[in-house]
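Everything below concerns the one structure shown next.
Protein chains: 2
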Amino acid sequence: MKMQDGLSEFIERQLRNRCGMSGADYQVLAHLSEAPEGRLRSFELGQLLRWEKSRLSQHLGRMQNRGLVSRERCLADQRGAVVAITPRGSDLIKVAAPQHVADVRDVLIDHLTATEMAMLVTIGDKVAERLATLEHKH
Amino acid sequence: MKMQDGLSEFIERQLRNRCGMSGADYQVLAHLSEAPEGRLRSFELGQLLRWEKSRLSQHLGRMQNRGLVSRERCLADQRGAVVAITPRGSDLIKVAAPQHVADVRDVLIDHLTATEMAMLVTIGDKVAERLATLEHKH
DNA sequence: CCCATTTGGTTAATGTGTGAACCAGAAGCT
DNA sequence: AGCTTCTGGTTCACACATTAACCAAATGGG
Numbered sequence: 001m002k003m004q005d006g007l008s009e010f011i012e013r014q015l016r017n018r019c020g021m022s023g024a025d026y027q028v029l030a031h032l033s034e035a036p037e038g039r040l041r042s043f044e045l046g047q048l049l050r051w052e053k054s055r056l057s058q059h060l061g062r063m064q065n066r067g068l069v070s071r072e073r074c075l076a077d078q079r080g081a082v083v084a085i086t087p088r089g090s091d092l093i094k095v096a097a098p099q100h101v102a103d104v105r106d107v108l109i110d111h112l113t114a115t116e117m118a119m120l121v122t123i124g125d126k127v128a129e130r131l132a133t134l135e136h137k138h
Numbered sequence: 001m002k003m004q005d006g007l008s009e010f011i012e013r014q015l016r017n018r019c020g021m022s023g024a025d026y027q028v029l030a031h032l033s034e035a036p037e038g039r040l041r042s043f044e045l046g047q048l049l050r051w052e053k054s055r056l057s058q059h060l061g062r063m064q065n066r067g068l069v070s071r072e073r074c075l076a077d078q079r080g081a082v083v084a085i086t087p088r089g090s091d092l093i094k095v096a097a098p099q100h101v102a103d104v105r106d107v108l109i110d111h112l113t114a115t116e117m118a119m120l121v122t123i124g125d126k127v128a129e130r131l132a133t134l135e136h137k138h
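Order-wise, the sequence lines are chains P and B. The opening residue of the first sequence carries number 1 in full-length UniProt numbering; numbering runs sequentially from there. The opening residue of the second sequence carries number 1 in full-length UniProt numbering; numbering runs sequentially from there.
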């Protein structure tokens, strides 16, 4: 628990202080920048992030106000929305990503042996699998 | 990351649905119930939880409104506050604790081998230590 | 085709976390 | 004593997450 809280608090703080963005912002931009043309249907993004749809809607609204993403109506589905990364958002994630990766190395990966790292991955997979079956059981 | 998010989301949801309390509530009550006479100075509680003082103040306000804790002025230090667990809070944590422990077993401990569990503890300690030194360096 | 249901998305209410400003009482220094 | 600095707490403004309610466009039977 201490590791969990400490890790996310540290990562969150680094992103905030150095890039003026939250972990949530980072994930949104990361997914968008990896998508073809930097654009995704809103609900696709929601599935990738596993977020409540209201959360996504509100968060995208704030990011749009800051000029990090833009929203357009979808042509194929009249009720749908397409969200696209802006040049400003693209620049931001390009700066943030390497620092973020370095931080994760610095606080986690660099201090574990190969065995520990491998074990951590298998543990993570096991837990994720267990959580998935619980979730599937409704 | 998936393990981290999944675990805390699951635990949080179980507490909320079954006991009507958040993980934050649980931690506050847990610390108070372990303290002598179920009472602690506000700042001591803050140090145990590693919370911002404004967070603690606001959260205690809400818990007081729900009758889970009470606050009194401190005799020794005129500006200080003492926070105490109420009978209602005490009952709640007594019901919640075993369920909480069972949930943690169910989703984490029971599915790991002894080796994995031991390794996870080692990893947690290493990371916590690393975080502590970073924090200490200001 | 018509009507019920589902799906994509927004909005409002409430609970929760963070940083800054603020205040009163304590401690320390001269 | 008198002055500064530190400490314990609250409050405000804002960012953020969840739930429920809502709406319009799609879908799927009859």
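Glycine included, each C-beta is placed from N, C-alpha and C at the ideal position. Computed from a predicted model, the values in this text were never measured in an experiment.
Query                                                                                                                                                  : Result
Confirm, please, whether the CB-CB distance from C74/B to V82/B is below 7 Å.                                                                          : yes
Check the Cβ-Cβ distances between E116/B and every residue of chain P, and say whether any is below 7 Å.                                               : yes
Beta strand (DSSP E) containing S70/P: first to last residue?                                                                                          : 69-73
Is the beta carbon of I11/P closer than 7 Å to that of L120/B?                                                                                         : no
Which term fits I109/P, buried or exposed, when burial requires 16 or more other beta carbons within 10 angstroms of its beta carbon?                  : exposed
In terms of residues, what are the limits of the beta strand (DSSP E) holding R16/P?                                                                   : Careful: R16/P lies outside any beta strand (DSSP E), inside the alpha helix (DSSP H) at 2-19.
Give, in chain order, every residue of the segment 124-135 of chain P whose Cβ lies closer than 9 Å to some Cβ of chain B.                             : G124, D125, K126, V127, A128, E129, R130, L131, A132, L134, E135
Just the Cα atoms here: how many angstroms apart are R16/B and S22/B?                                                                                  : 6 Å
In or out: G38/P buried (at least 16 other Cβ within 10 Å) or exposed?                                                                                 : buried
Using the rule of at least 16 other Cβ atoms within 10 Å of the residue's Cβ for burial, across every protein chain shown, is A76/P buried or exposed? : exposed
Please name the residue or residues paired with A81/P in a DSSP beta bridge.                                                                           : R73/P
Would you verify that the beta carbon of V101/P is, or is not, closer than 7 Å to some beta carbon of chain B?                                         : no
Kindly identify the DSSP beta-bridge partner or partners of R41/B.                                                                                     : V82/B
Can you check which of these residues, E135/B, I85/B, E9/B, is closest to D103/B by C-alpha distance?                                                  : E9/B
Note the first and the last residue of the continuous alpha helix (DSSP H) segment covering T122/P.                                                    : 114-136
Answer yes or no: does any C-beta atom of chain P fall closer than 7 Å to that of G23/B?                                                               : no
With H, G and I counted as helix, E and B as strand and the rest as coil, what does DSSP make of E52/P?                                                : coil
Nearest by alpha-carbon distance to V95/B: which of K2/B, T133/B, Q4/B, Q14/B is it?                                                                   : Q14/B
Looking at R50/P and G80/P, is the spacing between their C-beta atoms short of 7 Å?                                                                    : no
Quick check: the Cα distance between S57/B and K2/P, rounded to an integer number of angstroms?                                                        : 22 Å
Say whether chain B places a C-beta atom closer than 7 Å to the C-beta of F10/P.                                                                       : yes
Quick check on DSSP: helix, strand or coil for A35/B?                                                                                                  : coil
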